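Down below is the structure, laid out as structure tokens.
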Amino acid sequence: MPIIEAANLAKHFRTFRRRSGLWGSFKDLVNRKYETVRAVDGVSFAIEPGEMVGYIGANGAGKSTTIKMLTGILVPTSGRVAVRGLVPHRQRYQHVKQIGVVFGQRTQLWWDIAVIEALRLLQRIYEVPKADFEARLKKFEEVLGLGDLLNIPVRKLSLGQRMRCDLAASLLHNPPVLFLDEPTIGLDIAVKASVRDFIREINREYGTTVILTTHDLSDIERLCRRVIMIDRGRLIYDGELKSLKEQAVGARRLVVDFVLPVDRAGLQRALEGCPVELEGGGPFRWEISFRRGQANAPEIIGLLMSRLEVRDLELEEPRIEEVVREVYRRERAG
Amino acid sequence: MGRLAKYWAFMRMGYLTYLAYRFQVLMNFVSYLLIIALNYFLWKAVYSGHREIAGFTMEQMMTYVVIGWSARTFFANRIDRMIGDAVRDGSIAMDLLKPTNFQLYHYFRAFGRAVFMFLFMTLPIIVVASLIFPVSLPSGKLGPYLFPLSVILSFFLHAGISYLTGLVAFFTRNNEGVLRFKQLLVEVFSGVMIPITFFPDWVQNALFWLPFKYIAYAPLRIYLGMEPLSKVHQGVLLQIMWIVIIYLAGQVLWHYAIRRLEIQGG
Ligand SMILES: Nc1ncnc2c1ncn2[C@@H]1O[C@H](COP(=O)(O)OP(=O)(O)O)[C@@H](O)[C@H]1O
Ligand SMILES: [Mg+2]
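Line by line, the protein sequences are chains A and B.
With numbering that gives the first Met the number 0 as the guide, the letters of the first sequence map in order to residues 0 to 333.
With numbering that gives the first Met the number 0 as the guide, the letters of the second sequence map in order to residues 0 to 265.
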């Protein structure tokens, strides 16, 4: 039985557009122009216990809004949502006890008090037995390297330090479900890696169900087999990450720095026979886009290395916007 | 046990938060003493040639001023402002994600602050002010016992009023206007600035039906031993009644407020 279910879930915001100028603000008083933002527009999915699901989409796609409804802090405009049989916004009190939540841009700790004090407060708020609290704290301390941070007031932590503390805080009560909204946003690579390792370990050890939103595909790659993708409030893909990448992610990009200036014609000659698109405009740096199936990276790199003098090259992971575009392209074609 | 520990934890948090701002509090301490001094000279001028005004002797009035303003440091709270800020910046989301009664969370967090204020403001002000100005000890049979109780009730009464004001932010996004208005009502009609007996009769009658005067005026009358026993009991009961009414109003309003909430940002 699914642990998380959403059926036709929707959230529409009614915002009113302010007109500019004095006359405009007067008109606003008399006659407001409302418009509806369909932040989430009829999304359905079911998630099984123990799954780690990546909920992805470009900026403004509706990821955070979905998470807010799943966590019970936003009331859906329509549709159904249930987590372990509870309706989040109706049974908020019971519901929030069974979930852990981390919003990358916020903290659940309190700015002015030391991390350890904040964690002790959470222990009481979630009614965690003292022995369990100590054991978990010890473990999180080790895995996340919290040691020195515990006595610092939250407002003095760096983003990466704060994120590690927030992760620990969200799991003190050992919730069966964990929601992470952009948990790696703004973190440097080392911290990103430790956050990912930690999430994976929690999932493996406690069987915690994890929903993770991100617009960074590499998060998903390291953690999730299944992805759900939304765009403009609508679900556009739900399935294995592997097949999404194999089938949908056609466009890849190679960024190449040359020792000597190279013009477009020269580069085209060098890559004769490879269907590629050139961007960037050189003369020292070119971005070479190609589609999986039509060309491949080793072939292109081989040609470049043999015919031109290459200083450096980098194969970029597809960006989420491109993946979204690809999925659309496929839908229209199919 | 678990529930109690939770609200104890909120108090502790409120207390610890303010501990981080000891120095700002010290500044406030000075301004409170100034207000009391100002009142002293004002009343001294007003009382010249009068033994009693509006039922208060000069000594009673000075006691009223000192105890009133120092009690104010205890029962004042920032609940309305905190809720307003949290709604505006979206951090309200993090509060809602905790298994708590939002209203009691705010009451007890503010009570932790009040405990801090009591230790670092109320007591020092009383001590210093009574060295400078004529202040009498609580009088009457019940004053010494019922006054502390009554001031604690004042705290929860005022907390309730602030909470309701705070919830307005859910409906209008910006509750600054309402917040100012509430502040004015409390300053004027709680009796902190001048005793209610200075107002015309019709205002006094109207105030009987409102909660404000039970914040400061009623407990101060108890302190001064100016009420007969039956009235003291009545006053305390009315405080409790208002606390309950406002608490319930808060629960009902919350029900509507939460539906209006549109949390901005990531
Ligand atoms: N409280 C709100 N009021 C009006 N519009 C909102 C509100 N919250 C989000 N939106 C809009 O809804 C859309 C989805 O936002 P969000 O869920 O935050 O996207 P994501 O997390 O995927 O970046 C955006 O267009 C955003 O501007
Ligand atoms: Mg977001």
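Every residue, glycine too, gets a C-beta built ideally from N, C-alpha and C.
Note that the structure is a prediction, hence the values are computed from the model and not measured.
| Check | Outcome |
| --- | --- |
| For residue 34 of chain A: DSSP bridge partner residues | A/14 |
| Chain A contacts from the region 231-263 of chain B (Cβ-Cβ distance under 8 Å) | 257, 258, 260, 261, 262 |
| Proximity test, Cβ basis, 8 Å: residue 168 of chain B and chain A | no |
| Proximity test, Cβ basis, 8 Å: residue 276 of chain A and chain B | no |
| C-alpha distance - residue 58 of chain A paired with residue 64 of chain A, whole-angstrom precision | 12 Å |
| C-beta contact flag for residue 26 of chain A and residue 13 of chain A at 8 Å | no |
| Distance cut-off 7 Å: residue 67 of chain A Cβ against heavy atoms of ligand 2 | no |
| Shell residues, 5 Å Cβ cut-off relative to heavy atoms of ligand 1 | A/12, A/14, A/36, A/38, A/58, A/59, A/60, A/61, A/62, A/63, A/64, B/261, B/263 |
| Counted within 10 angstroms of its Cβ, other Cβ atoms place residue 107 of chain A as buried (16 or more) or exposed | buried |
| Cutoff 8 Å: residue 97 of chain B Cβ touching any chain A Cβ | yes |
| For residue 218 of chain B, the three-state DSSP class (helix, strand or coil) | helix |
| beta-carbon residue 180 of chain A near ligand 2 non-hydrogen atom, thresh 7 Å | yes |
| Closest residue to residue 71 of chain A among B/238, B/92, B/36 (Cα-Cα distance) | B/92 |
| Positions along the region 162-193 of chain B whose CB lies within less than 7 Å of some CB in chain A | none |
| Neighbour flag for residue 109 of chain B against chain A, beta carbons, 8 Å | no |
| Cβ contact check for the region 41-51 of chain A and the region 205-220 of chain A: 3 or more pairs under 8 Å | yes |
| Contacting residues, own chain, Cβ-Cβ under 6 Å from residue 107 of chain B (five flanking each side not counted) | 6, 9, 10 |
| Complete beta strand (DSSP E) runs within the region 67-116 of chain A (minimum length 3 residues, chain order) | 77-82, 98-102 |
| Partner residues on chain A for residue 15 of chain B, Cβ-Cβ distance less than 7 Å | 112, 116 |
| Residue 196 of chain B versus residue 189 of chain B - alpha carbon distance | 12 Å |
| Cα-Cα separation, residue 222 of chain B to residue 110 of chain A | 39 Å |
| Partner residues on chain B for residue 95 of chain A, Cβ-Cβ distance less than 7 Å | 96, 97, 98 |
| Under the three-state DSSP convention, the category residue 152 of chain A falls into | strand |
| Residue 165 of chain A burial status per 10 Å Cβ neighbour count (16 or more: buried) | buried |
| Contacts around residue 7 of chain A, its chain only, beta-carbon distance under 8 Å, and the 5 residues preceding and following it disregarded | 41, 42, 43, 77, 78, 79 |
| Beta-ladder partner(s) of residue 242 of chain B, from DSSP | Answer by DSSP bridge pairing: none, since residue 242 of chain B is not bridged. |
| Complete runs of the beta strand (DSSP E) confined to the region 185-234 of chain A [at least 3 residues] | 208-213, 225-230 |
| Chain-ordered neighbours of residue 43 of chain B on chain A, where CB pairs are closer than 8 Å | Within 8 Å Cβ-Cβ: nothing; residue 43 of chain B doesn't reach chain A, min ~41 Å. |
| Residues near residue 121 of chain A by beta carbon distance below 6 Å, same chain, minus five either side | 168, 171 |
| Residue 254 of chain B classed as buried or exposed, judged by whether at least 16 other C-beta atoms fall within 10 angstroms | exposed |
| Chain B within 8 Å of residue 385 of chain A, Cβ atoms only | Limits of chain A in this structure are 0 at one end and 333 at the other, which puts residue 385 of chain A out of reach. |
| Alpha-carbon to alpha-carbon, residue 69 of chain B and residue 98 of chain A | 44 Å |
| Meets three-Cβ-pair contact criterion under 8 Å: the region 124-137 of chain A and the region 92-106 of chain B | yes |
| Contact list for residue 8 of chain B against chain A, beta-carbon separation under 9 Å | 119, 120, 121, 122, 123, 124 |
| Residue 116 of chain B and residue 72 of chain B closer than 8 Å at C-beta | yes |
| Contacts around residue 192 of chain B, its chain only, beta-carbon distance under 8 Å, and the 5 residues preceding and following it disregarded | 186 |
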